[in-house]
Amino acid sequence: MKMSTPQSLDGDDLAHYELMFDEKSLGSQQKRGFPSSRNWLSLVAAAMGCVALLLVLALVTSVTVLIWDPNSRLHQVFASESQSEDDETKAFACVPCLRLLKDPAAGVASDPLVRQLQIQGGEDGREDCCAYTSHQITVLFESMMRLNDLDPLPLASYEAGDFKFSPVSAHKRLYPKEMSDDFGVPKFPALSQVCELKEDDSAYGLEHHRGVNISSSGLRILHGGLYYIYASLQFWPQSKHPCADFRYQTFVAYVEKIPWRRSGAETILKVLHSCCDQCSNSQETRFTGGMFVLQPGDQIQVKVSGYDLVHFEPQTSFVGLAMLGSPQPESETNED
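Numbering (the working numbering), first residue to last: 2 to 337.
Here you go:
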C-alpha cells in the first residue's frame, strides 16, 4: 500500500478551500434553523404589519367609544346630525308636556328634565314632549317615574272646620218632603215642589252655614252684597218603567229668589234634563251657578218638577252661596 504524501498548497488553492469551507458552514447553519437575510426582512415586514393593524383597531375603538359616550362632544355632534338628517323618523313616544311637569304652573322652560325632550305642537294647541333618541327616551321615563314621588297634600283632611271661610257662606244638602217607594211611574204635581233644608249634618263634612239663616224651605240672607249662588241636582227616577211611560220626559229645576219687600218668587237659575232609556245621562248631575245682588231678608230656594225625579244624595244634590263683596260705607264712597 502506498501512502499519499501531503502536498504543499499555494495561495490560490488556500483561498479556494477557505471559500468552500465558509459555504459549507453557512449551509449547515441554515439547516440548523438560522434564517437568512431574506427571511429576516420578511419577519420584520410581518411584525410591522401587525403593529399597524393594532394601531388601526385602537383608533377605531377610541372613535366608537367617543361616538357612543353621551358626555362627549363627538356624540352630541353625531346625534344632532343624525336627528336633523332623519326628521321623517317617527318618535318613540309623545306625551302632553303638562302631564310630565312636576310643577304645572312653572312651565316647560323652567323644568330642566322635560326641556331635554323635543317640544312640538299637538292637538288643540297643546305642547307635546316627544322622545326620538335613546337619551330622550331615558329622560321621558325619568319624567314619568318622578310623578310617583309627589309631595304630600298640605290638607290633612277635608272637613268644613279645616277651612277659613268668607264671612258669609253656606253649602247645604237638599231633601225631599216625601218620596214614593213603589218604583212606579213618577208623579208630576201641578206645581213644582220646594226642596227642603235641614240642620248641618256632621256626617257630611262640607255642609255648613254662616252669616245666613236656615229654614226648611231655603236660605235667608242677613247681609246685603254680591253673592255667588249655585245648585246641583241629579235627575234619576227610581222607577221600573221606561221614560216613554212618564207623563213628561223633560225635568226642570229652578233656583228662586223671594224678595223681602215684594211678593212672588223670581227665577234666577234654571236647569233641564231629558229622560232617555238608551243613554247614561241619568248618571250625570245638572249644575248651575251665577252672581247676584241680594238684600237682607231675601230668601233662596230650590224647586223641582217632582221629588220622584231626583236622586237626593249629598254628593249630587245640593245648594250653596258665598258672599263675594259687600257695599262700601257711604263715608268711604265719598272719599273716593
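All residues carry an ideal CB built from backbone N, CA and C; glycine is no exception.
request  = Check whether the Cβ atoms of Gly-226 and Ser-327 sit closer than 7 angstroms, and answer yes or no.
outcome  = Cβ distance < 7 angstroms, so Gly-226 and Ser-327 count as in contact.
request  = Could you please give me the residues that DSSP links to Cys-95 through a beta bridge?
outcome  = Cys-95 is bridged by DSSP to Cys-131.
ask   = What is the rounded straight-line gap between the Cα of Gly-34 and the Cα of Ala-59?
value = Because Gly-34 carries a pLDDT of 49, less than 50, the predicted location of this residue cannot be relied on, and the following value inherits that uncertainty. About 35 angstroms.
query = Is Met-324 helix, strand or coil when you go by DSSP?
reply = It is a strand residue.
inquiry  = Short of 6 angstroms in beta carbon distance, which residues of its chain neighbour Tyr-255, apart from the five on each side in sequence? Order them along the chain.
reply    = Excluding sequence positions up to five before and after Tyr-255, its CB lies within less than 6 angstroms of the CB of Thr-268, Lys-271, Lys-304, all in the same chain and listed in chain order.
ask   = What do you get for Trp-261, buried or exposed, if any count of 16 or more other CB atoms within 10 angstroms of its CB means buried?
value = Exposed, by the Cβ-count rule.
task = Counting only the same chain and skipping the five closest in sequence on each side, list residues whose C-beta sits under 8 angstroms from that of Glu-197.
result = Closer than 8 angstroms at the Cβ level, and outside the excluded window around Glu-197, lie Leu-175, Tyr-176, Pro-177, Lys-178, Ser-217, Ser-218.
request  = Tell me whether Gln-119 sits in a helix, a strand or coil according to DSSP, three-state version.
outcome  = If DSSP states are grouped into helix, strand and coil, Gln-119 belongs with the strands.
key: Ser-111, buried or exposed, once every other Cβ within 10 Å from all chains shown has been counted against 16   = For Ser-111, the number of other beta carbons within 10 angstroms of its own is below 16, and it is reported as exposed.
request  = Report back the beta-carbon spacing between Tyr-229 and Ala-132 to the nearest angstrom; my notes put them in contact at under 8 angstroms.
outcome  = Contact flag wrong, Cβ pair sits at about 44 angstroms.
ask   = What distance in whole Å lies between the Cβ atoms of Phe-252 and His-274, which are believed to be in contact at a cut-off of 8 angstroms?
value = Between the beta-carbon of His-274 and that of Phe-252 there is about 4 angstroms, and that keeps the pair under the 8 angstroms contact cut.
query = If you draw a straight line from the C-alpha of His-312 to the C-alpha of Val-109, how long is it?
reply = The alpha-carbon atoms of His-312 and Val-109 are separated by roughly 44 angstroms.
query = For Gly-291, does the three-state DSSP call read helix, strand or coil?
reply = In the three-state reduction of the DSSP assignment, Gly-291 falls in the strand class, which pools E and B.
key: Ser-181, DSSP secondary structure in three states   = In the three-state scheme derived from DSSP, where H, G and I count as helix and E and B as strand, Ser-181 is classed as coil.
ask   = For the beta strand (DSSP E) that contains Gly-219, what are its first and last residues?
value = For Gly-219, the enclosing beta strand (DSSP E) stretches over residues 219 to 222.
Cα-Cα separation, Asp-88 to Thr-289 = In this predicted model, Asp-88 has a pLDDT of only 48, less than 50, meaning its place in the structure is not dependable; the value taken from the coordinates is given anyway. Between the alpha carbons of Asp-88 and Thr-289 lies a gap of roughly 49 angstroms.
message = Checking the sheet assignment: what are the DSSP bridge partners for Phe-247?
response = Note: Phe-247 sits in no beta bridge, so no partner.
task = Locate the beta strand (DSSP E) running through Gln-300, then write down its first and last residues.
result = First-last of the beta strand (DSSP E) with Gln-300: 300 to 305.
key: Ser-318 versus Ala-171: straight-line alpha-carbon distance, rounded   = Distance from the CA atom of Ser-318 to the CA atom of Ala-171, rounded to whole angstroms, is 14 angstroms.
task = Compute the Euclidean distance between the alpha carbons of Pro-243 and Asp-278, then round it to the nearest angstrom.
result = Separation of Pro-243 and Asp-278 (C-alpha to C-alpha, rounded to the nearest whole angstrom) is 6 angstroms.
ask   = How many Å lie between Gly-321 and Gly-291 at the Cα?
value = The alpha-carbon atoms of Gly-321 and Gly-291 are separated by roughly 11 angstroms.
ask   = What number of angstroms, rounded off, separates the C-alpha of Leu-353 from the C-alpha of Gln-302?
value = The structure shown has nothing for residue 353, since the chain only spans 2 to 337.
ask   = How many Å lie between Asp-246 and Thr-286 at the Cα?
value = Cα to Cα, the separation comes out at about 23 angstroms.
CA-to-CA distance, Arg-248 to Tyr-308, given in whole angstroms = Per the coordinates, the alpha-carbon of Tyr-308 lies some 14 angstroms from the alpha-carbon of Arg-248.
query = Nearest-angstrom Cα distance between Gln-250 and Leu-192?
reply = Cα to Cα, the separation comes out at about 16 angstroms.
message = With DSSP as the reference, identify every bridge partner of Thr-268, one or two as the case may be.
response = Thr-268 has Glu-257 as its beta-bridge partners, per DSSP.
inquiry  = Helix, strand or coil, according to DSSP, for Tyr-205 in the structure here?
reply    = In the structure shown, Tyr-205 sits in coil (DSSP, three-state: anything other than H, G, I, E or B).
request  = Could you pull out every residue in the same chain whose Cβ sits closer than 7 angstroms to the Cβ of Leu-118, ignoring the five residues on either side in sequence?
outcome  = Taken in chain order, the residues that qualify are Cys-130, Cys-131, Ala-132, Gln-137, Val-140, Leu-141.
request  = Under 8 angstroms by Cβ, that's how I've got Ser-240 and Val-186 pegged, so tell me the actual separation to the nearest angstrom.
outcome  = So it is a contact: roughly 6 angstroms between Cβ atoms.
query = What first and last residue would you give for the beta strand (DSSP E) that runs through Ser-216?
reply = Counting along the chain, the beta strand (DSSP E) containing Ser-216 begins and ends at 213 to 216.
query = So Gly-226 is in the beta strand (DSSP E); what residue range does that whole segment cover?
reply = Taken as a continuous stretch (DSSP letters only), the beta strand (DSSP E) holding Gly-226 covers 226 to 234.
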